[in-house]
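S.K.:
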Amino acid sequence: MTQILSVVSECAPLIKTGGLADVAGALPGALAEHGDHMSVLLPGYRAIMGKLGKTKVVDTFRDLFGGKARLLACNAYGLDLLIVDAPHLYDRDGGIYGDAAGQDWHDNPERFAALCYVAALIAKDGAGGWIPDVVHGHDWQAGLTPEYLAAQGVKTPFVFTIHNIAFHGNTGGERLGSLRLDPARFNADQFEFWGHISALKAGLAGADRITTVSQTYARELLTPEFGIGMDGILRARQSDLSGIVNGIDEAVWNPATDPNITTYKAPSGKAANKRALQKTFGLGKSDGPLCVLISRLTEQKGIDLLIQALPALLGNGGQLALLGSGAPDLEVALLEAAANHPNMAVKIGYDEPLSHQMIAGGDAILVPSRFEPCGLTQLYGLRYGTLPLVSLTGGLADTVINASPAALSAGVATGVQFHPITAQALSDALTTLCALYAQPDTWKKMQRNAMKHAVGWDTSAAKYHAIYAELTP
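The numbering of the sequence shown is the numbering used here, which starts it at 4 and goes up by one.
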């Protein structure tokens, strides 16, 4: 049994801002099926401290980047957790990365350096007698871990997973002292990035193995367009890079047992959920597909492209129910579009039960992202027989079988892909989607294919298990 310490900034169901949390929460259980044990190291945010139940103090720190701290151990929600209880860093109002106004916390470099520093100490000295064989860090918030492992003289292997390379965790070089980093390693081969300290680059440079969340995204990261300044170091480390597509928690996302919906096991069971969803969003009956979109409202997610392409959906009798929040200009544009068309409705914000109801009630789910390392919503859609319409990028390319003539002839299509990632291509894809919906036999076949498509963690967890085994012979 390999013992793994997962170092991560968020973990469902305790705290979540995106798909990273879902992965962090699901991976320990998936690995247990392969005989591995994973403990999750999390910051002790105010929002999670009341959810932990009974805890045990397994270490104390006189000065953890500016104040006293404790390391707590507990089991909650079926997860073995280690919590960095450092009130001076984490006990505050606002979000986990920024304040109520959306501004990053000024001390984010120290807040997540502390997480990495404690991870290195656990690798060295253990936590309550438990010592990991492998440390597995996620995104820039865990990126400084190999620097602190090296400083402690610890040889524990480090696996680093890139969920989204767009965020580097950069800060000024004047913080070397406050972050307890070795100035001799502040160079282009380690963690220096255009005169800044880059936590992400530290992780890439110091990892024994690098993974990302789909095979296509792993290839995309080697290019300047997608690598966002890190393509050079990734090309240099290409032999250590692999893509492992995320899975979803099939116990939480199961149309046969989901408590948020009218349950079903076959596509025909979606009808009651569609009627309920139309009522919730104030939509009437329509001849075209009811499309749903659940997303952050940003240009990365292709929301501006969708706004331009709406006539192709609404003009063909389709409907759109949208849930999300993000850029104010995109929110305004979507609300205005909905006000001007009876077949479109928008709810600004996020609602977890409603997201389940949307995926159960929708005919199709739209994911028009400009880039998408893996994506989870298209996997939820497949599981619920809600056909994904996706851009041809990252994990979207790896998980959806396009309704090409060949795929339709072979009876294997599960959705619609479009490329290039432009408003015109998206319009064409929406027109195709509406045409497919008008062919009930073809549509039902695609729904059945989607619901049979493997979207769980079995295959992916086996790949992580193999990496850990290679690093701990």
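C-beta atoms are modelled at their ideal positions from N, C-alpha and C, and glycine is treated no differently.
1. For R73, does the three-state DSSP call read helix, strand or coil?
2. Going residue by residue through the region 401-428, where are the continuous beta strand (DSSP E) segments of at least 3 residues, counting only ones entirely within it?
3. Tell me whether the beta-carbon of Y93 lies closer than 7 Å to the beta-carbon of Y151.
4. How about the region 355-362 and the region 254-272: do they share at least three Cβ pairs that are nearer than 8 Å?
5. When we look at the beta-carbon of H109 and count the other beta-carbons within 10 Å, is it buried (16 or more) or exposed?
6. Within the region 312-362, note down every full beta strand (DSSP E) run reaching 3 residues or more, in order along the chain.
7. Could you check what DSSP says for E150 in three-state terms: helix, strand or coil?
8. Taking P391 as the reference, which of D332, A441, N167, L369 has the closest Cα?
9. In the DSSP assignment, the beta strand (DSSP E) including F229 goes from what residue to what residue?
10. Grab me the residues of K54's own chain with a C-beta within less than 7 Å of its C-beta, minus the 5 sequence neighbours each way, in chain order.
11. If we ignore side chains and look at the alpha-carbon of each, how far apart do L308 and T425 end up?
12. Looking at the secondary structure, which residues open and close the alpha helix (DSSP H) in which D83 lies?
13. Can you name the start and end residues of the alpha helix (DSSP H) that G209 belongs to?
14. Classify M449: buried if its beta carbon has 16 or more other beta carbons within 10 angstroms, exposed otherwise.
15. Is the region 370-390 touching the region 204-217, taking contact as three or more C-beta pairs under 8 Å?
16. What's the call for K3, buried or exposed, on a 16-neighbour Cβ count within 10 Å?
17. Measure from the alpha carbon of A363 to the alpha carbon of each residue in L382, V349, A103, then state which is nearest.
18. Using 10 angstroms around the beta-carbon of V3, count the other beta-carbons present and answer buried if the total reaches 16, otherwise exposed.
19. By DSSP, does C377 sit in helix, in strand, or in coil?
20. At the level of alpha carbons, what is the spacing between L118 and A342?
21. How would you label A480, buried or exposed, when you count the other beta carbons within 10 angstroms and need 16 or more for buried?
22. Would you mind stating whether Q6 and P135 have Cβ atoms separated by less than 7 Å?
23. If A330 sits next to T301, beta carbons under 8 Å apart, how far is it from one beta carbon to the other, in whole angstroms?
24. To the nearest angstrom, report how far apart V3 and S298 are at their CA atoms.
25. Find out if the Cβ-Cβ distance for the pair D66, L74 is shorter than 7 Å.
M.R.: Let's see:
1. strand
2. 419-421
3. no
4. yes
5. exposed
6. 322-329, 347-351
7. helix
8. L369
9. Run containing F229: none in the beta strand (DSSP E); it sits in the alpha helix (DSSP H), 227-230.
10. L17, A79
11. 7 Å
12. Note, D83: premise wrong, no alpha helix (DSSP H); beta strand (DSSP E) at 82-88.
13. 202-209
14. buried
15. yes
16. Absent from the structure is residue 3, since the part of the chain shown begins at 4 and ends at 476.
17. L382
18. Since the first residue shown for the chain is 4 and the last is 476, residue 3 is missing from the structure and cannot be characterised.
19. coil
20. 46 Å
21. As displayed, the chain neither begins before 4 nor continues past 476, which places residue 480 out of reach and without an answer.
22. yes
23. 6 Å
24. Not covered by the structure: residue 3. The range shown for the chain is 4 to 476.
25. no
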